[in-house]
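Numbered according to this note's numbering, the sequence shown spans residues 1 to 521.
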Amino acid sequence: MKNALLKFSFIVIGLSVFAPTANAKNDADAKTRCEVLENLVIPDLKIKSVKVLSPEAGQPEYCRVTGFVGRAGFELRLPTSRWNGKYYMAGCGSFCGTLRTQDPAYKDGISRGYATIVTDAGHQSWTPAGTKWARDDQEARTDHAWRAIHNVAVAGRQITQAYYGFNVKRAYFNGCSNGGRQGLMEAARFPDDFDGILAEAPAQNVLSMLMVWTNTLLSDTAADGKSIFNAKKMPLVQRAVAKACGDADGVVSDPQNCKFDPAVLQCAVADSPDCLSAADVSVLRAWYGGPSGSADYENLGGVPFGSEVFWTGRGGVPLILRAIWPFMSGGLPIDSVLLPLKYGSTLLMRDVLATPAFDSDYNAKNFDPARDLPRLKKFSAEMSPSSDLRAFKASGGKLLITQGTADVAVPPAFTIDYWRKTQASLGTQAPNTVRMFMVPGMGHCGNGDGPRLPGYDTGDYDPLTALEKWVEQGIAPDAIIATRRDESGRVTRSEPLCALPARAVYLGKGDRANPQNWLCR
Numbered sequence: 001m002k003n004a005l006l007k008f009s010f011i012v013i014g015l016s017v018f019a020p021t022a023n024a025k026n027d028a029d030a031k032t033r034c035e036v037l038e039n040l041v042i043p044d045l046k047i048k049s050v051k052v053l054s055p056e057a058g059q060p061e062y063c064r065v066t067g068f069v070g071r072a073g074f075e076l077r078l079p080t081s082r083w084n085g086k087y088y089m090a091g092c093g094s095f096c097g098t099l100r101t102q103d104p105a106y107k108d109g110i111s112r113g114y115a116t117i118v119t120d121a122g123h124q125s126w127t128p129a130g131t132k133w134a135r136d137d138q139e140a141r142t143d144h145a146w147r148a149i150h151n152v153a154v155a156g157r158q159i160t161q162a163y164y165g166f167n168v169k170r171a172y173f174n175g176c177s178n179g180g181r182q183g184l185m186e187a188a189r190f191p192d193d194f195d196g197i198l199a200e201a202p203a204q205n206v207l208s209m210l211m212v213w214t215n216t217l218l219s220d221t222a223a224d225g226k227s228i229f230n231a232k233k234m235p236l237v238q239r240a241v242a243k244a245c246g247d248a249d250g251v252v253s254d255p256q257n258c259k260f261d262p263a264v265l266q267c268a269v270a271d272s273p274d275c276l277s278a279a280d281v282s283v284l285r286a287w288y289g290g291p292s293g294s295a296d297y298e299n300l301g302g303v304p305f306g307s308e309v310f311w312t313g314r315g316g317v318p319l320i321l322r323a324i325w326p327f328m329s330g331g332l333p334i335d336s337v338l339l340p341l342k343y344g345s346t347l348l349m350r351d352v353l354a355t356p357a358f359d360s361d362y363n364a365k366n367f368d369p370a371r372d373l374p375r376l377k378k379f380s381a382e383m384s385p386s387s388d389l390r391a392f393k394a395s396g397g398k399l400l401i402t403q404g405t406a407d408v409a410v411p412p413a414f415t416i417d418y419w420r421k422t423q424a425s426l427g428t429q430a431p432n433t434v435r436m437f438m439v440p441g442m443g444h445c446g447n448g449d450g451p452r453l454p455g456y457d458t459g460d461y462d463p464l465t466a467l468e469k470w471v472e473q474g475i476a477p478d479a480i481i482a483t484r485r486d487e488s489g490r491v492t493r494s495e496p497l498c499a500l501p502a503r504a505v506y507l508g509k510g511d512r513a514n515p516q517n518w519l520c521r
């Protein structure tokens, strides 16, 4: 280790001859500086390629470095000019497995002038939905749970400092879903890796979340294996919830306080298109209410009220997926309501969490708590980040959490519960380290394809800039302004997203699309 570090120091000195200043004024030989990185020696680092690439739209020219840290692949982009002096890591959603350089979080980093890195989290798949890599491979699982992110973050920072000849001024992490979970894991396990962490819809408390997913499947499966709930009744349910608990736009901003009971839609006599059968009502109550309590996991409720528009695919189903679906579906129809949760429960149980792995033909429809939970608990715990952030607080770190109120994959109650636990851990000084913001009407990591919705989407607010100001200027965000526009650019909705526990309150007069007419309290 000592010889490797000594060699690393000599290479850093050599690279500094070619390094630009922190203001990136010297870009005379970007190609040479990039190529020299191929000889960089860092423990467990294997450089695969280095190359200066022309800038993509809205991005600076950059030196692209690809390689591996242990089993974890990565891509690092180093601006040859306009480097802002900072380092940025984008998390990977779903089950990782690919280098998702086209994800908005990654592109945002390089566009802002950051040295920007992403990893596949220690395994390679043809799709982020792939899970076979995890079957009885504990090293791959641990990489995915927490180790790969840390190791790649450290190595990427060393490469960055070698390239520029300067220590990075600040380091940031930004991820959603599994990427948000990775951010929380970094804050808890490795509090010195990042100065600021943006964790959006973090998929933490893994076993409890999995039980919500599994409950959507079990409560909607008849004895013959077919779905119970009539998917054609979805618009009816959506309109009723919006009327009962939504605002003027139909957006449910506070799903936890919505008291809607689907029984109000139950047919008085025979089933018809404008009412629900008793079986439909039973399924809906189970979906909203969540799984029954257990000593093995927390019952924090089910899918949130106001999320109904996301229960079916908004952008349609690609033809290629329809073609291959019968071979991978486990008997689930491709148009099944809440399909990602139902199908995802089998993938998570069968391949990723079970120790030892379940049989390859295991289906969550056959979930048996007494038999299956003991095999799920151990790795679920390793995947779930601690809410004890005292070490992160001591390091001066800042954690900004966002959560869509209409998220079905990571129900908002779960993220609020995590935030509350951090408050208990950190005490009265918690707001100096952790702040959380709810995003009315937004689904899981955004609203996806399909028609524009009245609720906010990811491009309607800017949490990263708020985090930067908090870290670099000491300006803690009390609110982040969100603004929604229609296709013509006209503002249709605008309000402050308030740091919990405050909520945005309309003052009762003036344009509701003007954030000046709202107050956080």
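Note that CB positions come from ideal geometry on N, CA and C, so glycine has one too. The structure displayed is predicted, hence computed values, not measured ones.
Asked: In the structure shown, what three-state DSSP assignment does K509 receive?; Found: coil
Asked: Given A105, which residues of its chain have a CB within under 6 Å of its CB, disregarding the five upstream and five downstream residues?; Found: A90, N174
Asked: With DSSP as the reference, please indicate the residues paired to A90 in a beta bridge.; Found: N174
Asked: Thinking C-beta only, is V168 closer than 8 Å to F74?; Found: no
Asked: Enumerated in chain order, which unbroken segments of the beta strand (DSSP E) with a length of 3 residues or greater are wholly contained in the segment 112 to 177?; Found: 115 to 119, 170 to 176
Asked: Check the C-beta distance from A134 over to Q256 and give it rounded, since I have them as a contact under 8 Å.; Found: No, A134 and Q256 are not in contact; Cβ-Cβ is about 33 Å, not under 8 Å.
Asked: Smallest Cα separation from V281: which of C96, V237, P60?; Found: V237
Asked: For the beta strand (DSSP E) holding S277, just list the boundary residues, first then last.; Found: Unbroken run through S277: none, as it is neither H nor E.
Asked: When the Cα atoms are used, what is the spatial distance from D143 to K233?; Found: 43 Å
Asked: From the DSSP secondary-structure annotation, give me the bridge partner or partners of R77.; Found: R64, T116
Asked: May I ask you to list the residues that DSSP assigns as paired with T221?; Found: S227
Asked: Hey, is the segment 179 to 187 in contact with the segment 253 to 272, meaning 3+ C-beta pairs nearer than 8 Å?; Found: no
Asked: Let's see if you can read the secondary structure: which residues bound the alpha helix (DSSP H) around S345?; Found: 339 to 347
Asked: Skipping 5 residues on each side, what residues in its chain have a beta carbon closer than 6 Å to that of A364?; Found: T214, L217, S345, T346, M349
Asked: From the DSSP output, which residues share a beta bridge with M436?; Found: I401
Asked: For I197, tell me which candidate among Q204, R189, A171, S208 has the shortest Cα-Cα distance.; Found: A171
Asked: Using only the alpha-carbon positions, how far apart do S360 and N366 sit?; Found: 13 Å
Asked: Measuring only the C-alpha atoms, how far is Y418 from G459?; Found: 25 Å
Asked: In this structure, how does DSSP classify Q429 when only helix, strand and coil are distinguished?; Found: helix
Asked: If I follow the unbroken beta strand (DSSP E) through C498, where does it start and stop?; Found: 491 to 498
Asked: Confirm, please, whether the CB-CB distance from F379 to R141 is below 8 Å.; Found: yes
Asked: Helix, strand or coil, according to DSSP, for Q266 in the structure here?; Found: strand
Asked: When the Cα atoms are used, what is the spatial distance from N517 to Y164?; Found: 47 Å
Asked: Let me make sure I understand the geometry here. Which of K469, R484, S387 has the alpha-carbon closest to that of D457?; Found: R484
Asked: Return helix, strand or coil for W311, following the three-state DSSP convention.; Found: coil
Asked: Sort out for me which residues DSSP pairs T483 with in a bridge.; Found: S494
Asked: Find the nearest neighbour of A148 within the set G122, A129, P128, T131, judged by alpha-carbon distance.; Found: G122
Asked: On the DSSP letters alone, give me the boundaries of the beta strand (DSSP E) that V52 sits inside.; Found: 45 to 53
Asked: Just how far apart, CA to CA, sit P79 and C63?; Found: 6 Å
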